[in-house]
Structure formats: structure tokens, C-alpha cells
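Going down the list, the sequences are from chains A, B and C. Using numbering that gives the first Met the number 0, read the first sequence as starting at 0 and increasing by one per residue. Using numbering that gives the first Met the number 0, read the second sequence as starting at 0 and increasing by one per residue. Using numbering that gives the first Met the number 0, read the third sequence as starting at 0 and increasing by one per residue.
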Amino acid sequence: MSDIAHPATSAARVHAAGPRAARLLPYLLSLPALLVCIGILVPFGTAAWYSLQRYNLAMPFMRGFVGFDTYLDFLGDPDFWNTVEVSAIYTAATVILELLLGLAIALLLRERSPLNNAISVALLLPLMTAPAIAALMWKLMTNPGFGVLSWLVSRFGLADFKWASDPHTAMLTVVLVDIWVYTPFIMILLLAGLRSLPTQPFEAARLDGVPARFVFFRITLPMLMPYIVTATLFRLLDSIQQFDIVYAMTQGGPGDSLMVFQVRAYLEFFQYTNVGRSAALMMILWALTYALSNVFVKQWLRLRERTHGAY
Amino acid sequence: MDEKARDLFDAFVAGNVGRRELIRRAAALGIGAAAAGTFLNAAQSRALAADYNWKAHQGTALKLLLNKHPYADAMIADIESFKSLTGMSVTWDIFPEDVYFDKVTAALSSHSTEYDAFMTGAYQTWQYGPAGWLVDLNEYLRNGARTAPNYDWEGVLEGLRASTAWSGKPGDALGGAGAKQWCVPWGFELNNISYNQTIFDKVGVKVPKNLPEMLEIAAKITRDAGGPYGIGVRGSRSWATIHPGFLSGYTNYGGHDFVMQGGKLKAAMNSPQSKAFTKLWVEMIQQSGPKNWATYTWYQVGTDLGAGASGMIYDADILGYFMDGGDNKERGHLAYAAFAANPEATAPTANVWIWSLAMSNFSRKKDAAWDFIQWATGTDHLLYGARKQDMVNPVRTKVWEDPEFKEKIGKYPGYLDEYTETAPKAKIYFTPQPLFFNLTTDWAAALQQMVAKQIPVDEGLDKLAESINRQLKSAGLG
Amino acid sequence: MARIDGTSAFLARGLRTLALAVIVLFFLFPILWIVLMSFQTNEQILRIPPSLLFDPTIVNYRALISGKLVTAAGQLDLPFMRNLGNSVLLSSVSVLLSLVLGVPAAYAFARFRFRLGENIAFTLLSFRFAPPLLVLLPLSLYFQDLGLANTYTGLVWVYQLICLPLILWIVRGYFEDASPDIEYAYRVDGHSWWRAFTRIAIPLAGPGIAAAGLLAFIFAWNNFVFALILASADKQPVTVGALAFVTASGIQYGQIAAAIVLSILPTLALALYAQRWLVEGLSLGAVKG
Chain A
0 MSDIAHPATS AARVHAAGPR AARLLPYLLS LPALLVCIGI LVPFGTAAWY
50 SLQRYNLAMP FMRGFVGFDT YLDFLGDPDF WNTVEVSAIY TAATVILELL
100 LGLAIALLLR ERSPLNNAIS VALLLPLMTA PAIAALMWKL MTNPGFGVLS
150 WLVSRFGLAD FKWASDPHTA MLTVVLVDIW VYTPFIMILL LAGLRSLPTQ
200 PFEAARLDGV PARFVFFRIT LPMLMPYIVT ATLFRLLDSI QQFDIVYAMT
250 QGGPGDSLMV FQVRAYLEFF QYTNVGRSAA LMMILWALTY ALSNVFVKQW
300 LRLRERTHGA Y
Chain B
0 MDEKARDLFD AFVAGNVGRR ELIRRAAALG IGAAAAGTFL NAAQSRALAA
50 DYNWKAHQGT ALKLLLNKHP YADAMIADIE SFKSLTGMSV TWDIFPEDVY
100 FDKVTAALSS HSTEYDAFMT GAYQTWQYGP AGWLVDLNEY LRNGARTAPN
150 YDWEGVLEGL RASTAWSGKP GDALGGAGAK QWCVPWGFEL NNISYNQTIF
200 DKVGVKVPKN LPEMLEIAAK ITRDAGGPYG IGVRGSRSWA TIHPGFLSGY
250 TNYGGHDFVM QGGKLKAAMN SPQSKAFTKL WVEMIQQSGP KNWATYTWYQ
300 VGTDLGAGAS GMIYDADILG YFMDGGDNKE RGHLAYAAFA ANPEATAPTA
350 NVWIWSLAMS NFSRKKDAAW DFIQWATGTD HLLYGARKQD MVNPVRTKVW
400 EDPEFKEKIG KYPGYLDEYT ETAPKAKIYF TPQPLFFNLT TDWAAALQQM
450 VAKQIPVDEG LDKLAESINR QLKSAGLG
Chain C
0 MARIDGTSAF LARGLRTLAL AVIVLFFLFP ILWIVLMSFQ TNEQILRIPP
50 SLLFDPTIVN YRALISGKLV TAAGQLDLPF MRNLGNSVLL SSVSVLLSLV
100 LGVPAAYAFA RFRFRLGENI AFTLLSFRFA PPLLVLLPLS LYFQDLGLAN
150 TYTGLVWVYQ LICLPLILWI VRGYFEDASP DIEYAYRVDG HSWWRAFTRI
200 AIPLAGPGIA AAGLLAFIFA WNNFVFALIL ASADKQPVTV GALAFVTASG
250 IQYGQIAAAI VLSILPTLAL ALYAQRWLVE GLSLGAVKG
């Protein structure tokens, strides 16, 4: 990659005038955004401090500093590891399936046409229904008596399908709802990416008679990678913190089969008033998300540099 | 209210004007029948003023935090009488039931001074009270000067008064020595049977008298009714699954949630009585409960009964009452019966849910807030609510004896008998302790695993008790 | 050979159409069903088995729009339209603020390589992964002290957690893909960087900004926990308002369905208006070269 080609370097060229002003400018531009967010860091610090305490609002006399005891307790708690497992399955299933489906839809709608554009906007509708409310409707639609979906699957011989109520199908059901709500998000980002790809490599490949599969894996996919990484990053952040769909549909049940992080943390805080445990759970979740995002952002930056290196 | 109208209603209350005369003159003043009810109530409230200074906080503005509930609706419909009685102004924030307690917890834990009084259940006060968020209302109730002489605290059902009072010491009996009155009962629910007469007649069954009979009849409905299933009970992963029918029947079988051993709590979910009851319960749901039982909350249990999808429910009587009206398909077909689960029991032991009013410790207008709580839980307003609105079940014996209310509730077949039979032993049967929500949620999760056949009942209950004992110990309670 | 090609192309097109039909059915059937429910009474919705035959009624919409719900016990007030107004206000002001703060920052990260630059960018992104529940309790305590509790200002501030990272990262990618050469040429003509930024860079990135803004708007619109915890009833968004139809005396499914339809309309209108940019706008490289 040549220096001249790098956008940042050429940008420095753009803003060559006044070396001191040029040095300060990026800070001036980005600081307001940072300052507005920095206020949030204070409560974040407070929450981290709570996580080091034995702190149940209903037992104020028991409050005290316990260091990392709460965290250590989690390590030996099978319920905690169940939460890790359930969250991991949920996140992996939703992100992977939504990515594949979103990519497939984007490929189908790739051609610019009024119909395709109309479909792409219409497909955003699920994203526009708030998951917390939509879940009420899903619960109704999967009701064995009044539910249209239960009625439909019973036509296909699945009369006893229990949806979110059966430990074996609960995960499937909430993942299905998640796919319904969020695939459009990935679809729209990838569609935008696909349509922005330069046409020359594809025309060249067509003239050379390169097989479609080869074009997809060797040209389309690599060029689309930055978009895939961005879409995945945002889906991953939301999915690992999933709350409203799971809580509204099953409250984390049946049994412990859907006790994802946020549901457990929500119960610990709002129902059990156990601020210390809730904060510790969420600090762990935060650390996990932080680490994952770090990997993704590094990848993203690398991919972007490579793309721009090809100017 | 204009002067003339006020004089007229005051005259009626004082006995100087007859009822017919009142209606005639009210009509002349342009007051319709509905408005007349409210005005009349306002006048009755003014009559109270003679022996208690209701105007002490005139001009004060109170703010309430309310759940979207028929009780709150009834109170709002009658709020003019409070305003004219006290000269205070009142505003309120109403939040949907789904998120209501999240809002309460958030407001109180952040020590917000915004709300003076709020709706709560008794279980919630086991957290809010020890947390220091509530005012012990005994400070007012036990002080003659601070409570209206005709407030009639003893007129509130005894079991309810006791169930809303607790010393704060885990394991201490509700309403026992040193108990603090964390809230005042406002309306309550008895857990009994509400059933669909049409379905029962069609299948040819009578109301079950005990749990084994309930299993049989529910199975017969599921088999023969051509669609509806036999018995609706809650099953979601929540404390709310444990407290209605389940705990009422469990208690009837002699089960306890905890026992005290040397001043410490010990889980009793795996006692022989508990195991016997739980086995039947789980079998009943597997055979003839709703297919999606594990997601069933109050709403689904009620909806199914109201829409004719279930034959009966073992849940709050007022849930059946609500489903008997509105635009529910089965309105007019429902009936009610008391239920003692244990064939050897002499009487039902209904666990109760009590919607109550509590006072925020962060309120800056506590005395004024107490006047509101007195009015809202006083006989006059509760009579109005029971007669004209859906304030069932009333917490005061006087209201139950009121002819107008009796006539109204008499239209619900069996409701009055169900109440009369159950009321004497109706109270909260849980042991009060601050981990209530935590441990009952675990209990519900364990039930879900048993119903899904992931674990046998005996083993499931042993594991549950073991896990609960561990949690009690680490919290310093066991 | 040609014939085989023709057949397979025909087959491919048929398969594509079929696949699209299945996809449209999967994503839009629930929406269609909700729209149908919004024209039914609860009694019609709760039938076994569910049925497509019903007398359409507009009672649900009338109740929501007039704010008056007539029940057996009397007339109740519904603040739904106010909830809708709150959602419009909170979401649009939050997105506008995010754009004002985020676009210059995105530009800085895209055009300059500066000390701590990537760190600042990552920190801003990281606000997206602070679990909201984690900060809510301390936040509500501090809001009491700062006088921000129960204010639109406080809420708009907290909504930046949702909007800002999204806008920042999408717009940043867009700026990076737009060639700096045009700006360079403009600056060589003797214009200030500010003019280059506002006259060249922003218009070029305009569609991307619009699309990122729309996505941020949708996410802000769907949030409900912030307002629930931090504000009183008169400032609640439509997501909390729609839950009001779940009451002790039953779930009003017809009204919830109507509430969903009404709450989709503003976002849908925005999406249709922005349709041109929505897809093209996210095409980060559309203006390249």
C-alpha cells in the first residue's frame, strides 16, 4: 500500500494550511461528540463500583465492599455458565442466520428496479415495529387456540408445536422472531454495499467467462467485506445484549433455557433488587462485548486500508 | 361544583332533602344521574369533615404513581370528591402493568421526591420497606389525632391488615409483634375457581371439590368439549406463577415455603406434603393445561377463559369477574366457586394478592399524602368504587354488606358464596423475606422443568430446596 | 448450447422469483396480520381457529386518535397520541443532535490520522455496548442531582447512546470512501476547510448521512427503557404507550395492533421519503471517483 493512496495522508494534504490549526482541527471536530458521551462514563464508573459490593437494596444493613467476590461466585455457579452458553448460542444463531439471509436477500434485490426498491423498503417494516410490542403479537400468533401461526403449522401436521413454551423449541422461536425483526437491518446495509461495488471487475469476469461461483467468492464477497463487518458488528452488539424479545416472549424460560445475560441482569436488578450482582453480570457482559468489538474494529480498519490501498 | 349544587347535596347528606327531591332538584340544576353520583359522594365526603380537619393541607399538590388498573380508574373517576373535601390538587402518572413495578423500583431507588403515594402489592413491600423507601403507616393509624375518627381501620378485613404489616425481620409472621404497616389494603384477589357454565353443562360435569376431582374434570373437558382445554393456570417463569392457585392449593395440602430452624430460614419445598401436591399439579398441567402453559401469565389465563378456550381457571376470582364483562365472548356464561384442594381440608386456604396504597419515604408532603390514602381506602370511596366501578374485591366488610353492591355482585353466579366461604382464612401464606421474588422465580422455573419432563418432580423439588438453601445462606438468611 | 442456457436462465429467474416471494411472505405476513387485526374487535381476534372473515371496524383507531376509550365502566382517557408525539420529538431531536455531533467527528476520523484518533473513535463506538441497564440506576440518581430527571433534555442526551455510534460509524465509512481529491481541488482554489467541509464533503456524503440518520431514528423510536426509567408518564414514547392496552381486565389486541400500525406510519413515511437515499445512500462508494 502506497502512502499517497492512503486517504488520511491525502487528507492531510487537503488540510495542509496552518500546521497548528490542522493539528487541532480533528480534536475540535470530534471532541463535542466525545464530551456528550463522556457524561455517561460517570454512571458507568458508579455501576462498576456497585459490582464490587454486596449490595441488595432490600437488605441495606448487609451492604459492604467485597472486592471481586461476586465475580468469583459466578465462576463456580452453573446458572452463570448456563447464561454464558445460552447467550452464545443465541448470538451465534441470530447473527449467522441473519447474515446469510440478509446477504441472500440483498443479492436477490441487487438489480436496480422500482420493484426491487419497493421491496427493500417494505422489508424494513419489521424493523420499524418495536420488538417489545411486536413480541406481544408473536405471542398471540403462536397461541395454540387463537394463533394464526399455530393454525398454519397444524395444517402441516405439527398440531402439538409448542413454540416458546417447550424447552426444545423455545430458542428456535425467539431466534425466529429476532431474524424477522433484524434481518432487514443487515439486508439494507449489504444491499447498499452491493450496489456500490464498481462494475469493471464484474464485466471483465463476465467477458472472460469466469464461473458465477468464482465471481461470488473471489470478487463479490471480498469487496463486500467492510459492509459485512459493519453490519455484523452492530448486530453482534445488539444480539449479545438481547432483552425485549426474549423477556416479552418467555421471561427467560421455560426452566433456564433462555436466561440470556440481560434477562438475568434485569431480574437481578428490577425484581430481586440485587444491585451488586446485577452490576457484576453486566460488567462481564460489557467486557465480553468490548473484546469482541475490538476484534471486529481491527478487522474493519484492516479491510478498509486494503480497499483504499487498491486505488 | 357550583354553590347551589353543593348546598343541595349537603342538604341531602344532612337528611334535610329526600332522595326523590334530590334527583328532581339536581335535574333542574342540569346535573345528570352519573354526575349526581360523583357530587353526592363529594357531599358525603364533606360530611366527614365535621370531626377531622380535612382542609389542613388545602392548596397542597399531590402526585401519585399508579398502575393502569380498574382500581386506579375508579379512583380517578371519583377524584373530584377528594379535591372538594380537602382543597388539594392531585395529579398522577399511570404506567402499564407490564412495566409498572420497574417504574416504582426505579423511582424509589433513586430517592425521587416526585411521588407522594403509590400503588403496590404486599410482596413488594418486603423489599421496599426494609430498603427504607416506605413510611410505616402505624405512625398515623395509631395516632388518633392524625387519622379521621370515622376512618374505621378495623373495618378492613383482618387477614388483609395483617398481610400488609411486617416487622422486617425475615421469617417473622405477617402482622405479628413489632410489625410495621407498610401499606394499606385497597382491593384484593382470592384465588378460587372461575368456570364456564356452558362448557361444564355440555360435558356434563360439576365444579370440582378438590384437586383429584379437578384433574378428572379437567381431563374430561379436554377430551370431550371439542376444543377447549380443561384448566387454566399460570406458568411463566415468574413469581406470579407461584402465588395464585398454586400456593393456595399447596397450603391446603399442608405445604410451607420455609420453616424456621434456630432463627434461620430453611426451604420446605421438598416436604412430603409439597411433593404430593406438586405431583398432582404437574400431572394436571401435562394432561389438561394450556399447551403453551410455560408462557402463561394473568393475561393469557384470563383471555382463554373469556374467549371460551378453557373450561375453568384456578386463579384470582376477579380475573374471572373481569372476563365476565367487556367484549369477551363468554361474558354471562361464567360462574365462581370456592376451592379447597386437599380432600381432607375443611376450608379453602386462598393466598391473596392485595393491591394497596403506600407512602413514599421521600415524599415532602407526607401528612397530605396520608389524607389521600385515608380517603382512597375509606368506606365512602370504596363504596362508590364497588357500586359504580370495578373495585372488586372490596377490602372492607361494610362494602360487602352494602345492598347495592350485593345486588350487583349477585349477578355473578356463586361469587358472593365463594367470597363468604374463603374470606375467613384468606391471607398471604408466604413467609415474608427479602429474597421473595428471587426464590419464587426459581420455584416457577423448577415447575417448568418438571412439566416439560426434564426432571422428575421429587428430584426437581430436592434440587430446588438445595439451591434455595444455598442462596439463603449466602444472603445471611439461612 | 444456447437452448440449454435459455432454459437454465429461465429456471434461474423462476427460482429467484419464488425465493423473493417466500421472503416477502415471511417478512410481511405478520405485518399484514397485524394490520388486519387492527380492524377487528377483541372478540373477532380471539376466535378458534383464527379466521380471515370479519366485519372491519375502526373503533380501535377511533379510540386511539380521539384519546377516549369507552368501556363498560365508563370513559377512560388514552394518552396515546401524546405518546406518539413524544416519540416523534425524542427520536427526531436525538437524531438531529447526533448528526450535528457525529458528522464532524466522522469527518475527522475519516480525513485525519491524529494521535488518539482511533482511540476516541473506538470509545465513541463503545457507548453502543454499555448495557443500558448497567447505567440506568446510577444515571437516575445523577439525573435527580442535576435536575435532568424527567426532562426531554435529559432523555435526548441519553438517546445519544443509541444514535451517535451508529451515525458515526456509517458516516465515517462514507467519508472514507469519498475521494478527498475533489475537496483538495476546491481548497487549492483558495477556499477554507470549513467551506470545503460544508460545500463539498457533506453534500457528497449527504445520502449516507440521511440513511444513517434513518436507521438511528428507527433504533431511537424502538427504545423504551430510557424514558420509562428516567421520565414521568407525560414524556413516555409510543412503545410504552402501546403497553397500556395490556391491563388487568384483559389485553386489547385490536388496539395494540392499531397502535403498532400508527406507530409505524411516521417512520414509514420517513423511509419512503428517503427511499432514494436509503439504498443508494448506504452505498458507501457510490460517489467514488
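A virtual CB, placed ideally from N, CA and C, is assigned to each residue, including glycine. Owing to the predicted nature of the structure, the values given are computational and were not obtained by experimental measurement.
Query, Result
"If you measure beta-carbon to beta-carbon, which residues of the stretch 69 to 80 of chain B are closer than 8 Å to chain C?", "69, 72, 73 and 76"
"Buried or exposed for residue 78 of chain A, please, with buried defined as at least 16 other CB atoms from any protein chain shown within 10 angstroms of its CB.", "exposed"
"Just the Cα atoms here: how many angstroms apart are residue 20 of chain C and residue 77 of chain B?", "56 Å"
"Using DSSP's beta-bridge definition, name the partner residues of residue 222 of chain B.", "Answer by DSSP bridge pairing: none, since residue 222 of chain B is not bridged."
"Anything in chain C within Cβ reach of residue 42 of chain A, meaning under 7 Å, just list it in chain order.", "134, 137, 138 and 141"
"Taking the alpha carbon of residue 282 of chain B as the reference point, which residue from B/229, B/166 and B/268 has its own alpha carbon closest?", "B/229"
"From residue 355 of chain B to residue 96 of chain A, what does the alpha carbon distance come to, in whole angstroms?", "48 Å"
"Let's test the definition: count the other Cβ atoms within 10 Å of the Cβ of residue 102 of chain B and tell me whether it reaches 16, buried, or not, exposed.", "buried"
"Which parts of the stretch 53 to 115 of chain C are runs of the beta strand (DSSP E), unbroken and 3 residues or longer, counting only runs that do not cross its ends?", "67 to 70 and 73 to 76"
"Please list the residues of the stretch 268 to 281 of chain A that have a C-beta atom closer than 8 Å to any C-beta atom in chain C, keeping them in chain order.", "268, 274, 277, 278 and 281"
"Identify which residue in C/262, C/108 and C/49 has its Cα closest to the Cα of residue 217 of chain C.", "C/262"
"Determine the DSSP secondary structure at residue 52 of chain A, reduced to helix, strand or coil.", "strand"
"Is residue 111 of chain A helix, strand or coil when you go by DSSP?", "coil"
"Could you work out which residue in B/153, B/295, B/71 and B/84 is closest to residue 494 of chain B when comparing CA atoms only?", "A query on residue 494 of chain B cannot be resolved here, the shown segment of chain B reaching from 0 to 477 and no further."
"Would you decide whether residue 290 of chain C is buried or exposed? Buried here means 16 or more other CB atoms lie within 10 Å of its CB.", "Residue 290 of chain C is absent from the structure shown; chain C starts at 0 and stops at 288."
"Beta-carbon of residue 55 of chain A versus every beta-carbon of chain C: anything under 8 Å?", "no"
"Counting contacts by CB-CB distance shorter than 8 Å, is residue 50 of chain A in contact with chain B?", "no"
"Report the neighbours of residue 156 of chain A on chain B: residues whose CB is nearer than 7 Å to its CB, in chain order.", "Near residue 156 of chain A there are no residues of chain B at all, since even the closest Cβ is about 16 Å away, more than 7 Å."
"Buried or exposed for residue 406 of chain B, please, with buried defined as at least 16 other CB atoms from any protein chain shown within 10 angstroms of its CB.", "exposed"
"Kindly list, in the order they appear in chain A, the residues whose Cβ is closer than 7 Å to that of residue 42 of chain C.", "Chain A residues near residue 42 of chain C: none, gap ~11 Å exceeds 7 Å."
"So, is the C-beta of residue 147 of chain A closer than 8 Å to a C-beta in chain C?", "yes"
"Is the beta carbon of residue 99 of chain C less than 8 Å from the beta carbon of residue 155 of chain C?", "no"
"Assign residue 131 of chain A to one of three DSSP states: helix, strand, or coil.", "helix"
"Where does residue 337 of chain A sit, in a helix, a strand or coil, going by DSSP?", "The structure shown does not extend to residue 337 of chain A, since chain A is modelled only from 0 to 310, so the question has no answer here."
"Let me check understanding here. Comparing Cα to Cα, which of B/300, B/369 and B/262 lies closest to residue 248 of chain C?", "B/300"
"Tell me the DSSP secondary structure of residue 16 of chain C in three-state form.", "helix"
"Could you spell out where the beta strand (DSSP E) holding residue 118 of chain B opens and where it closes?", "116 to 119"
"Once DSSP output is grouped into helix, strand and coil, what is the label at residue 191 of chain B?", "strand"
"Measure the C-alpha to C-alpha separation of residue 23 of chain C and residue 283 of chain A and round it to an integer number of angstroms.", "39 Å"
"From residue 281 of chain A to residue 227 of chain C, what does the alpha carbon distance come to, in whole angstroms?", "20 Å"
"Which of the three DSSP states, helix, strand or coil, is assigned to residue 183 of chain B?", "strand"
"Could you name the residues that DSSP lists as bridge partners for residue 91 of chain B?", "B/63"
"Would you call the stretch 94 to 112 of chain B and the stretch 323 to 340 of chain B in contact, with 3 or more CB pairs under 8 Å?", "no"
"Closest Cβ-Cβ distance between residue 45 of chain A and chain C: below 8 Å?", "yes"
"Give a yes or no on whether 8 Å exceeds the smallest Cβ distance from residue 59 of chain C to chain B.", "no"
"Taking Cβ positions, are residue 131 of chain A and residue 247 of chain A nearer each other than 8 Å?", "yes"
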